[in-house]
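Protein chains in written order, with the working numbering: chain A, 208 to 457; chain B, 2 to 262.
For glycine and all other residues, C-beta sits at the position ideal for the given N, C-alpha and C.
Small disclaimer: the values here were computed from a predicted structure and weren't measured.
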Amino acid sequence: MSDADNILLEARNISVVRGDREILKNADLTLKSGQIVTLIGPNGAGKTTLVRVVLGLMDASGGHIQRSKKLRIGYMPQKLHIEPSLPLSVDRFLDLTGCEASEKIANLRLTGVEHLRSSPMQLLSGGETQRVLLARALLKNPQLLVLDEPVQGVDIAGQAALYQLISRIRDERQCGVLMVSHDLHLVMASTDTVVCLNQHVCCHGHPEKVSADPAYLELFGQAANASVAVYTHHHDHSHDDVCEHGDHHA
Amino acid sequence: MPDFIILALLAGFGVALVAGPLGSFAVWRRMAYFGDTLAHSALLGVAFGLLLSINLNLAVVLVCLGLALILVVLQQNRVIATDTLLGILSHSTLALGLVCVSLFGDQRVDLMAYLFGDLLSATVNDVITIYVVTGFVLVVLIKLWRPLLAITVHEELARVEGIPVAAVRTTLMLLMALVIAIAMKVVGVLLITALLIIPAAASRRLTHTPEQMAMVASVLGCLAVAGGMAASFFMDTPAGPSVVLSASVLFILTLVKKQPV
């Protein structure tokens with residue numbers, strides 16, 4: 208397969224303006240099958256906004272998006288709140304997609320929560336909820352998985368396990384994955400490309416490269432990298448000229 | 002049993018049947034205040050019906066449908082917080098309805114019947130109207146059951162999975178408007194929401210799936226109608242409020258049972 212063939216989605220110059228605030232500014236994003244792309248950035252960097260634009264839940268104010276024909280997307284939202292008044296088991300939660308029972312069970316087994324099938328959704332722990340959401344996102348064999356903070360509410364050991372599971376799913380299904388994360392070092396081992404976002408794309412590329420990138424360090428501070436390397440080069444980071452297009456080291 | 006009791010029971014059962022599933026959605030989606038607003042606007046429908054000399058049921062349905070659509074638009078534009086918006090519309094339409102009925106109506110208009118229901122005067126035509134509407138609403142609810150549940154659980158997830166969320170949500174509101182128009186006969190505009198919410202809330206404690214909850218709510222609604230009618234027959238209490246009170250008693254009885262999750 209040539210490079211152009213396995214492109215699932217290509218977003219160019221995406222801008223989003225709300226009121227007089229520019230939430231996203233000329234952000235580019237390319238998603239390919241078999242590849243894991245992780246969006247990182249501080250709070251308010253526009254990560255979730257970019258994800259919503261990719262999903263088609265929100266219109267961009269500028270730029271354009273090209274999706275491959277009949278792109279099947281599996282989505283794992285950041286938060287799931289189910290009213291206590293709604294009696295809903297894990298089984299029934301997955302049934303809402305209209306999937307086959309065999310596929311449902313296979314996915315719950317894959318994400319390790321098959322034993323919770325008859326549990327009410329409201330009783331699940333944070334980690335269990337994420338795994339159930341992942342199982343639902345995997346229904347109907349999506350070509351692209353979009354996971355908004357997939358390890359939210361999961362303890363550190365569980366986070367590593369969940370990231371491993373996500374890369375295994377990518378290996379097995381050869382789907383594209385777009386993830387949102389707060390912490391580069393936790394996702395490092397399980398991502399192919401990191402896109403560092405702060406309204407615009409500050410830098411992107413392999414995780415090791417990004418973690419040493421001045422733009423990344425500027426955004427997250429030296430402390431974020433203390434466990435990896437001591438980086439001494441102080442680099443002035445201005446959003447307007449240093450890395451407008453975000454590919455200066457790609 | 003006198004005919005009017007049989008007709009009243011039939012009318013009440015018809016409304017209770019459809020109020021079960023629809024009321025469950027009202028509980029799950031926290032639409033109680035929304036239901037109140039639509040119900041209060043029903044009186045405005047009565048006033049228009051009297052003014053234009055058209056069928057009152059039709060006038061009520063039209064006004065409720067119109068208000069439901071206005072609410073959909075206003076909610077999307079987020080002009081003000083939803084509960085504030087509903088508070089304004091709910092009581093403004095009720096006040097406007099009261100004023101208009103007194104302006105356009107004549108001595109024949111029994112305001113109390115519209116406010117608190119007039120179950121005992123149900124006619125054969127009323128009963129037929131109720132069952133036609135109930136049948137229609139139940140068929141639509143069954144057809145749209147899965148998408149309705151999906152948008153109730155998570156709208157954006159449902160949208161990514163290909164469900165036309167806005168259309169499904171609007172349909173639910175329109176169904177609500179239809180049911181309010183027929184429920185007005187049973188309990189009156191002031192108590193309609195109670196008939197939707199209370200049996201569903203009582204049913205929650207007894208059930209483990211959404212479908213069970215909807216069906217048990219219908220059964221509890223019918224029990225409440227029967228209980229209210231009995232009270233009305235033997236103790237000469239007003240029928241509508243008696244129906245609502247028996248629903249409340251059923252709800253209190255379910256509190257004895259521990260809440261299943």
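In this model, residue 259 of chain A and residue 21 of chain B are separated by some 36 Å (Cα to Cα). No Cβ-Cβ contact shorter than 7 Å links residue 327 of chain A with residue 374 of chain A. Counting along the chain, the unbroken alpha helix (DSSP H) around residue 147 of chain B starts and ends at 146-154.
Boundaries of the alpha helix (DSSP H) around residue 102 of chain B: 83-105. Linking residue 332 of chain A to residue 319 of chain A through their CA atoms gives a straight-line distance of about 14 Å.
Out of B/215, B/250, B/34, B/218, the CA that lies nearest to the CA of residue 232 of chain B is found in B/250. Cα atoms of residue 24 of chain B and residue 183 of chain B: separation of roughly 14 Å, rounded to the nearest angstrom. The continuous alpha helix (DSSP H) containing residue 378 of chain A extends over residues 363-380. Interface flag for residue 146 of chain B against chain A is unset, since no Cβ pair is found closer than 7 Å. For residue 402 of chain A, the enclosing beta strand (DSSP E) stretches over residues 400-405. At a cut-off of 7 Å between beta carbons, residue 210 of chain B contacts chain A.
Contact annotation for residue 160 of chain B against chain A: 264 [CB-CB distance below 7 Å, chain order]. Residue 267 of chain A is not a Cβ neighbour of residue 230 of chain A, given a cutoff of 7 Å. In this structure residue 56 of chain B is exposed. Its beta-carbon is surrounded by fewer than 16 other beta-carbon atoms within 10 angstroms.
Secondary structure of residue 8 of chain B (DSSP, three-state): helix. If the five residues before and after residue 30 of chain B are omitted, its C-beta is found closer than 7 Å to the C-beta atoms of 153, all from its own chain and listed in chain order. Residue B/162 holds the alpha-carbon nearest to the alpha-carbon of residue 343 of chain A among B/134, B/162, B/142, B/218. Per the DSSP secondary-structure output, residue 245 of chain A pairs in a beta bridge with A/386, A/401. Counting of Cβ neighbours within 10 angstroms places residue 304 of chain A among the buried residues, the total reaching 16 or more. A buried status is given to residue 252 of chain A, since no fewer than 16 other beta-carbon atoms sit within 10 Å of its beta-carbon. Only buried fits residue 205 of chain B, as 16 or more other CB atoms lie within 10 angstroms of its CB. Between residue 376 of chain A and residue 351 of chain A a beta carbon distance of about 12 Å is seen, past the 8 Å cut, so the two are scored as non-contacting. Close partners of residue 292 of chain A in chain B (Cβ separation under 7 Å): 28, 29, 205. Within the stretch 280-341 of chain A, the runs of alpha helix (DSSP H) that reach at least 4 residues and sit entirely inside it are, in chain order, 297-302, 308-317. The stretch 49-65 of chain B makes no contact with the stretch 4-12 of chain B, as fewer than three CB pairs between them are under 8 Å.
When rounded, the separation of the alpha-carbon atoms in residue 365 of chain A and residue 397 of chain A is 14 Å. Taking a C-beta cut-off of 8 Å against chain B, the contacting residues of the stretch 304-325 of chain A are 304, 305, listed in chain order. Contact annotation: residue 247 of chain A and residue 388 of chain A have beta-carbon atoms nearer than 7 Å. Linking residue 272 of chain A to residue 218 of chain A through their CA atoms gives a straight-line distance of about 4 Å. Contact check for residue 97 of chain B and residue 45 of chain B: beta-carbon distance about 6 Å, within the 8 Å limit, so the pair qualifies.
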